[in-house]
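Residue numbering for the sequence shown follows the numbering used here, beginning at 141 and increasing consecutively.
Cβ atoms here follow ideal geometry from the backbone N, Cα and C, with glycine treated the same way.
Being a predicted model, the structure only gives us computed values, none of them experimental.
Only one structure is covered here, and it is reproduced in the block below.
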Amino acid sequence: MMDDPARARAEIEARRPDILALFQRRRALLAENFGTMVADAWDRAESALCLSLTRLAIRHGRFGQDYHHYHNEEHALEILDRRIERVMRELGIKALTGLDWVALTLFATCHDLRQRELVDSGHPVGSNEAASIAETERILDRCGFDRVRDHELYLALEIMIAGSTFDARPAPMDRSKFNTAEAVTTTGPLAPHLARELDRINPAWRSEPSLDRAIRLALIASDLDTANVGESFVELSDSGARLAGEREMRAGRSLESTDAGPPLLGFLTTGQERYFFELHRFCSDVGERVYGPGKAANAEKVRAISVQLRERFRDREPGSYTGVDVLDAQREMVWQLA
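Shown next as structure tokens:
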């Protein structure tokens, strides 16, 4: 287990120096707009960013042996870099406080730290998310944060990561075979229901400013996590293909096999339509303002590619095409529609 922030930073510097350049640019931007207090908070956060990102890359990404096509360091970076940067650009950096930006950046690298926890259907917060919260707190401890002094940050990350839960209460199943990628097309996010859950647990929470902030950030974080709906159609389709690949891996089906063909086709048609039109919803004004127009522009393309994919394989026997065949067809159609 990577436990040394300095070693984690060295690992990133050796393998992905562009990430450290990104951190440097983000720090300069925050320092320019919010001053030294936020810059100092970023410096401590950067150690946690390096440690969490390296752990994710070793555990489920390109630095390790258990590669997950979607839940890896690249998903963390697309939130940290492309999506947060777009919100800053379109709404202005003063749309949120400097410490809010720091918290959202840490959410990006910490919310998917664990992906193979045994699912427990008795709680609204997913097992992966609960384990990620616990690990995030240990990372913050290791990187110079204090649970009393920095209580608001610990609380914000706990609520944000909890709110990123998909499939909060799955139907009865073999818990050892729970498929994280499958959950994205079965239920919506927990974030919009966090206030209701807190009302049930602690009705007085609304009088606590730190919890109110945490809920607000959780709604924004949920929109950043699922912002693919409002990005370019190429980016939306690429994220769908990555989720499809991870889903097949977790199900034990090789993409090169004919066993993967029909389920992957279903995921990229019915599954994506269900995610896009039924399950996804914007949770925050920030998310809707930035990504809502893009989602509206993608709607007809999502319908069109589903029709085209079904038509392409309509007369094919289930054992006559592989998962790779479906992904190749999807990639071809995406560029025609983009």
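{"query": "Three-state secondary structure (DSSP) of phenylalanine 422", "result": "coil"}
{"query": "Exposure label - proline 403; buried when at least 16 CB within 10 Å", "result": "buried"}
{"query": "Validate contact between the region 237-247 and the region 150-157 using beta carbons, cut 8 angstroms, 3 pairs", "result": "no"}
{"query": "Beta-carbon proximity list for leucine 364, same chain, < 6 angstroms, skipping 5 on both sides", "result": "Ile219, Arg223"}
{"query": "CB of serine 267 within 8 angstroms of CB of serine 304, strictly", "result": "no"}
{"query": "CB of threonine 398 within 8 angstroms of CB of tyrosine 461, strictly", "result": "yes"}
{"query": "Inter-residue spacing [alpha-carbon to alpha-carbon] between histidine 200 and proline 145", "result": "19 angstroms"}
{"query": "Under 8 angstroms between C-beta atoms of aspartate 496 and arginine 282", "result": "The structure shown does not extend to residue 496, since the chain spans only 141 to 478, so no value can be given for it."}
{"query": "Under the three-state DSSP convention, the category phenylalanine 373 falls into", "result": "helix"}
{"query": "Beta carbon of glutamate 257 nearer than 8 angstroms to that of alanine 243", "result": "no"}
{"query": "Validate contact between the region 346-355 and the region 294-302 using beta carbons, cut 8 angstroms, 3 pairs", "result": "yes"}
{"query": "For valine 474, the nearest candidate out of Ala444, Arg287, Arg226, Pro458 (CA to CA)", "result": "Ala444"}
{"query": "Buried or exposed by the 16-neighbour rule on C-beta atoms within 10 Å, applied to isoleucine 159", "result": "buried"}
{"query": "Residue closest to lysine 435, alpha-carbon to alpha-carbon, out of Pro332, Phe416, Leu449, Ser446", "result": "Phe416"}
{"query": "For proline 264, three-class secondary structure by DSSP", "result": "coil"}
{"query": "Per-residue burial, serine 316 [other beta carbons within 10 Å of its own, 16 or more giving buried]", "result": "Note on serine 316: pLDDT 47, under 50, position unreliable in the model; the coordinate value appears next. Under this definition serine 316 is an exposed residue."}
{"query": "Alpha helix (DSSP H) segment containing phenylalanine 407, residue limits", "result": "Segment: none, phenylalanine 407 is in no alpha helix (DSSP H) and carries neither H nor E."}
{"query": "Residues of its chain near glutamate 151, where Cβ-Cβ distance is below 6 angstroms and the 5 sequence neighbours each way are ignored", "result": "Thr194"}
{"query": "Closest residue to phenylalanine 247 among Gly463, Ala358, Arg278 (Cα-Cα distance)", "result": "Ala358"}
{"query": "Rounded C-alpha distance that separates aspartate 180 from aspartate 290", "result": "13 angstroms"}
{"query": "The region 376-393 / the region 203-221 touching (three or more Cβ pairs under 8 angstroms)", "result": "yes"}
{"query": "DSSP three-state assignment for phenylalanine 306, whether helix, strand or coil", "result": "strand"}
{"query": "Rounded C-alpha distance that separates threonine 249 from glutamate 230", "result": "22 angstroms"}
{"query": "Supposed close pair isoleucine 233, leucine 169 - CB separation, criterion 8 angstroms", "result": "7 angstroms"}
{"query": "Under 8 angstroms between C-beta atoms of proline 332 and threonine 366", "result": "no"}
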